[in-house]
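Colleague: In full-length UniProt numbering, the protein residues as written are 1 to 365. Ideal Cβ placement from N, Cα and C applies to all residues, glycine included.
Structure below.
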């Protein structure tokens with residue numbers, strides 16, 4: 001026992017920072033000393049630094065006739081990698097009873113039944129470790145959306161709950177701040193105007209963005225997580241039927257529409273928001289290189305990596321492939337992901353997933 005503790009604590013923490021978060025979670029049970037060590041802010045920052053250097057692809061798997069979400073992940077190839085085609089096995093992690101979710105900061109926020117079998121309520125979970133927290137009860141509709149955002153200044157996670165259209169205007173937006181004593185849902189959120197047909201959101205540099213439309217013209221909702229204020233930006237660069245994918249483009253909001261046209265070369269169309277106040281956009285068009293072995297019309301946009309590669313994934317077919325398109329080098333690399341099991345109806349991909357476990361540990365303690 002004395003020999004074990006003769007190892008410097010800093011060295012122990014350095015070793016543990018390189019392990020998967022599920023393994024680190026188990027080490028909390030070794031002793032009070034280990035629990036104390038792994039709860040230090042130093043280790044939190046160290047672990048996030050190590051995790052950021054080894055991002056993963058996170059998958060939510062939907063199965064036919066199943067009301068649950070199944071979470072898997074796999075390594076995300078880093079630039080450069082030698083082969084243009086790889087085969088990777090996905091690791092299974094956990095299952096939650098829900099069909100809709102929103103992602104931010106390595107965590108999942110969704111509405112669904114909790115593990116104790118209660119009625120529908122909002123939950124937040126770590127999809128790798130399976131840790132989850134039941135949030136304060138709130139009325140949820142079939143059309144309600146829960147957007148997860150992070151304030152990098154105050155280091156706070158907040159959930160923006162969007163109700164549409166079955167409630168009074170004063171209750172259409174609710175906000176919940178996590179990690180504060182006696183947190184409750186608040187309804188004093190003022191939105192300048194209300195629109196319809198909401199799509200998936202994304203949080204970038206402390207701002208939650210999501211898409212709506214008015215008379216067929218796209219608009220972007222911008223919600224400042226820190227100040228809890230809305231802005232609405234006209235986005236005439238796309239029409240509502242195009243359903244653009246929102247991505248993090250080097251710290252800015254990017255909107256991508258995908259045109260895998262049979263009659264010509266497939267193209268990625270991207271609009272980047274440079275200035276929220278002035279509503280200034282830049283437009284880019286990226287033709288994809290031809291590859292006779294890849295039927296690009298079977299793919300959709302998943303996101304963009306921090307290294308600058310666009311990620312595309314198979315829409316609804318197995319075997320399941322992920323493509324990495326490098327616009328600077330004009331290269332297209334494919335990765336086959338195996339191990340999802342049977343009866344798969346749809347797979348959703350989150351790019352640059354970084355493992356973390358500390359927030360939910362504090363929240364549930």
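(1) Between the beta-carbon of residue 355 and the beta-carbon of residue 21, is there less than 7 Å?
(2) Contact between the segment 4–20 and the segment 305–322: three or more CB pairs below 8 Å?
(3) Return the residue from the list 190, 158, 184, 183 that minimises the CA-CA distance to residue 173.
(4) Within 10 angstroms of the Cβ of residue 162, are there 16 or more other Cβ atoms? Answer buried if so, exposed if not.
(5) Between 76, 122, 102, which lies nearest to residue 56 when the distance is taken from Cα to Cα?
(6) Report the rounded CA-to-CA distance for residue 241 versus residue 220, giving the unit in angstroms.
(7) According to DSSP, is residue 9 part of a helix, a strand, or is it coil?
(8) Is the segment 42–58 close to the segment 289–300, with three or more CB pairs under 8 Å?
(9) Three-state secondary structure (DSSP) at residue 152?
(10) Relative to the C-alpha of residue 87, which residue among 18, 337, 123, 160 is closest?
(11) Kindly indicate which residue of 51, 78, 228, 186 has the alpha-carbon position closest to the one of residue 149.
(12) Between residue 127 and the rest of its own chain, which residues show a CB-CB distance below 7 Å, the 5 nearest in sequence each way excluded?
(13) Does the count of Cβ pairs from the segment 31–42 and the segment 322–338 closer than 8 Å reach three?
(14) Can you list, in chain order, the residues of its chain with a C-beta nearer than 6 Å to that of residue 64? Leave out the 5 residues immediately preceding and following it.
(15) Using DSSP with H/G/I as helix, E/B as strand and the rest coil, what is residue 367?
(16) Mind pulling the beta strand (DSSP E) runs of 3 or more residues that sit fully within the segment 7–69?
(17) According to DSSP, what are the bridge partners of residue 278?
(18) Around the C-beta of residue 181, are 16 or more other C-beta atoms found within 10 angstroms, so that it is buried, or is it exposed?
(19) Looking only at its chain, what residues have a beta carbon closer than 8 Å to the beta carbon of residue 204, apart from the 5 residues adjacent to it on each side?
Modeller: So, from the listed chains and residues:
(1) A distance below 7 Å separates the beta carbons of residue 355 and residue 21.
(2) As far as the Cβ criterion goes, the segment 4–20 does not touch the segment 305–322, which means the pair count is below three.
(3) Taking only the C-alpha atoms, the option nearest residue 173 is 190.
(4) So residue 162 counts as buried.
(5) Of the residues 76, 122, 102, the one whose Cα lies closest to the Cα of residue 56 is 76.
(6) Note that residue 241 scores a pLDDT of 49, beneath 50, so its modelled location is shaky and nothing firm can be said.
(7) Of the three classes helix, strand and coil, the one that applies to residue 9 here is helix, per DSSP.
(8) In short, these stretches do not touch, since the Cβ pair count stays below three.
(9) Coil.
(10) For residue 87, the nearest C-alpha among the options comes from 337.
(11) With distances taken between Cα atoms, residue 149 lies closest to 228.
(12) When the five nearest sequence neighbours on each side are left out, the beta carbons in the same chain lying within less than 7 Å of the beta carbon of residue 127 are those of 58, 71, 93, 94, 108, in order along the chain.
(13) Proximity of the segment 31–42 to the segment 322–338 falls short of the contact definition, fewer than three beta-carbon pairs being nearer than 8 Å.
(14) Within the same chain, and ignoring the five residues on either side of residue 64 in sequence, the residues whose Cβ sits closer than 6 Å to its Cβ are 343, 345.
(15) Within the shown structure, residues of the chain are numbered from 1 to 365, placing residue 367 beyond reach of any answer.
(16) Here the runs fully enclosed are 56–63.
(17) Under DSSP, residue 278 takes part in no beta bridge, so it has no partner.
(18) Counting the other Cβ atoms within 10 Å of the Cβ of residue 181 gives fewer than 16, which makes it exposed.
(19) Only 248, 251, 252, 253 meet the Cβ criterion.
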